[in-house]
Structure formats: C-alpha cells, structure tokens
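J.: Residue numbers (UniProt numbering): 1 to 151. Heads up, the beta-carbon is just placed ideally off N, CA and C, and yes, glycines get one too. Just so we're clear, the structure is a prediction, and the values are computed from it rather than from any experiment.
Structure, rendered in structure tokens:
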C-alpha cells in the first residue's frame, strides 16, 4: 500500500489535501503520472495546508454565498473572451475552454471560480455571443454571457 496526498478531487477516494492509502500500482500507474496525487513525505504534508488554502479560496461555502456569486456573475453582462481566429471567417483555431472562461470572468472583475463549475453545451468554436452555465450550487445556476472576440 502506498501513502499519497491527493492534489485534486478523485472520485470515491477524496479531495485535495487528503492523505490516503491506495494500492501501489494505482498510485504509480494512474494517480502520480496524471498529477492527481503526490507521494507522501514530511515536506509534502506541509504543502497540504497550501493546497487546502488554494481550494478554500475557490470553494463556494453555502447557498447564500452561491446566490451572491450568481448576482455578481449576472451583473457583469457580456464577458469578453479573446481567442485566435482565422481572418476571413468566424471560426476559431481550437475552442474556448472552461479555463479561458474562468480567466475572462476574473479579468472582468468577477469572482474567482473553479473551472469545474462552468458547463458549456458542446464546444465554442466560433466568434460571437455564446451562453454558458455556472453551476454554483445544486440549487443555484447562473447564466454567463460570453462575447468571443478574435485576437
């Protein structure tokens, strides 16, 4: 059995900063190469506090906090997202990711969110106006309006 520290949420195992014991092969072949965990050591256990502090800054605390974030998000209006696009058409090179959306929300003066709360229907691969949903709480969803612009 290998003792490891999780760096992200892993289904049926735990969350960031949790110290868990898993089978050696699972840790060596899956968790460690993907960056989901780090080997447990005295120095690494000190980093657990840093990991938990970073997660706490992005975590939505309760229903009232989620409603407050919803009013902030919807008050921003259209959020500009810059992406590389071909000159003659509206097609993007690649697509707009949830990380791009979270960065644009933060740059527009919105709250710092975890990219996993953003849900996009399909892929955003064209310039123009798009709508995405931020699931802040099981009972609270915020509609975010994006304006994808070419770089």
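Whose C-alpha, out of 151, 148, 140, 5, is nearest the C-alpha of residue 73?
T.: Within the chain shown, residue 73 is the residue found at index 73, counting from 1. Measuring from the Cα of residue 73, the nearest candidate turns out to be 140.
J.: Rounded to whole angstroms, how far is the Cβ of residue 102 from the Cβ of residue 127, which I believe are closer than 8 Å?
T.: What you label residue 102 is simply residue 102 of the chain shown in a count that begins at 1. What you label residue 127 is simply residue 127 of the chain shown in a count that begins at 1. Going by Cβ atoms, the distance from residue 102 to residue 127 rounds to 20 Å, so no, they are not a contact pair.
J.: Quick check: does the Cβ of residue 127 come within less than 7 Å of any heavy atom belonging to the ligand PLP?
T.: Absence of the ligand PLP is noted for the structure shown, with no ligands found whatsoever.
J.: Quick check on the DSSP output: what are the complete beta strand (DSSP E) runs of length 3 or more inside the segment 54-122, in order along the chain?
T.: 78-83, 91-96, all fully within the segment 54-122.
J.: Please state the DSSP three-state secondary structure of residue 138.
T.: Here residue 138 corresponds to residue number 138 of the chain shown, with the count starting at 1. Note: residue 138 maps to coil in three-state DSSP.
J.: Keeping to the same chain, check which residues put their C-beta closer than 7 Å to that of residue 136; ignore five residues upstream and five downstream.
T.: As a first step, residue 136 is located in the chain shown; it is residue number 136 there, counting from the start. Closer than 7 Å at the Cβ level, and outside the excluded window around residue 136, lie 60, 66, 69, 70, 117, 142.
J.: Do you know whose CA, among 97, 8, 150, lies nearest residue 88's CA?
T.: Numbered from 1 along the chain shown, position 88 holds the residue referred to as residue 88. Minimum Cα distance to residue 88 is reached at 150.
J.: Can you give the beta carbon distance from residue 81 to residue 54, rounded, assuming they're within the 8 Å contact cut?
T.: Within the chain shown, numbered from 1, the residue matching residue 81 stands at position 81. Within the chain shown, numbered from 1, the residue matching residue 54 stands at position 54. The pair is not a contact, with the Cβ atoms about 24 Å apart (cut-off 8 Å).
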